[in-house]
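The sequence shown begins at 41 in the numbering used here and counts up by one. Where a beta carbon is used, it is the ideal one built from N, C-alpha and C, also for glycine. Since the structure is predicted, the reported quantities are computational estimates derived from the model, not experimental observations.
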Amino acid sequence: MPIIRPSTDGDIAAITAIYAHHVLQGTGTFEIEPPTEADMAGRRADVLARNLPWLVIEDGGQVLGFAYANWFKPRPAYRFSAEDSIYIADSACGQGLGRQLLAALATQAEAAGVRKLLAVIGDSANTGSIGLHRALGFTDVGVMRSVGWKFGAWRDIVLMEKPLGAGDTTSPE
């Protein structure tokens, strides 16, 4: 049975391998070259330094996916709005793991003080990610057409949002 837990330094190799597959084979990320383990460790450290969640889902000791929330933009005024990132191992897609992982991420992001969770989804043809976010209560904000060039074609970005907790109905401080 899969479990969701905070990521550890020991998960970096699996996280890097999962992400590398998506960089090289998918359009959900607009990165072209897979980052190294050191790069991923640095990214994780940056997220954790902001007291934001970086989770993994594992089964039988094998990491099958990861998700994290990071400030939407680096300026401090954005500190109550975070962008989610979620990647599932290719061999584990279609098993409902993404739904479990994104739900847990939203809960932990809310506990960390996030009031708005944003999805910036690479490629408007990425129906899996779009459907996952809709199923978990994200609503469409819009589409930015042809903002990325990957695999010989222009790619869109789909923007979605989900208020967390009190959302924008009260002051966050």
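What's the gap between the Cα of Gln-102 and the Cα of Trp-189?
One alpha carbon belongs to Gln-102, the other to Trp-189, and they sit about 33 Å apart.
Kindly indicate which residue of Arg-84, Tyr-59 and Gly-153 has the alpha-carbon position closest to the one of Asp-130.
Closest by alpha carbon: Tyr-59.
Exposed or buried, which one is Arg-195 when buried takes at least 16 other CB atoms within 10 Å?
That one is buried.
The alpha helix (DSSP H) that contains Gln-135, what's its start and end?
Boundaries cannot be given for Gln-135, as no alpha helix (DSSP H) includes it and DSSP labels it neither H nor E.
For Ser-121, tell me which candidate among Ala-144, Pro-203 and Val-96 has the shortest Cα-Cα distance.
Ranked by Cα distance from Ser-121, the options Ala-144, Pro-203 and Val-96 are led by Pro-203.
Measure the CB-CB distance between Val-160 and Leu-199 and report whether it falls below 8 Å.
Here Val-160 is near Leu-199, since their CB atoms are less than 8 Å apart.
DSSP-derived helix/strand/coil call for Pro-75:
Three-state result, Pro-75: coil.
Enumerate in chain order the residues of its own chain whose CB-to-CB distance from Asp-166 is below 6 Å, with the five nearest sequence positions on each side excluded.
It is Asn, not Asp, that sits at residue 166 in the sequence shown. Excluding residues within five positions, the ones whose Cβ falls inside 6 Å are Gly-68.
By the 10 Å Cβ neighbour count, where 16 or more other Cβ atoms means buried, how is Gln-65 classified, buried or exposed?
By the C-beta density criterion, Gln-65 is exposed, having fewer than 16 other C-beta atoms within 10 angstroms.
Are the stretch 135–143 and the stretch 45–58 touching, with three or more C-beta to C-beta distances below 8 Å?
By the Cβ test, the stretch 135–143 is not in contact with the stretch 45–58, since fewer than three Cβ pairs between them sit closer than 8 Å.
Which residues share a DSSP beta bridge with Glu-213?
None; Glu-213 has no bridge partner.
Residues in the same chain with beta-carbon distance under 8 Å from Arg-139, minus the five sequence neighbours each way, listed in chain order, please.
Counting only Cβ-Cβ distances below 8 Å, and skipping sequence neighbours, we find Leu-172, Ala-175 and Leu-176.
Could you compute how far the alpha carbon of Ile-170 sits from the alpha carbon of Asp-124?
In this structure, the alpha-carbon of Ile-170 lies about 13 Å from that of Asp-124.
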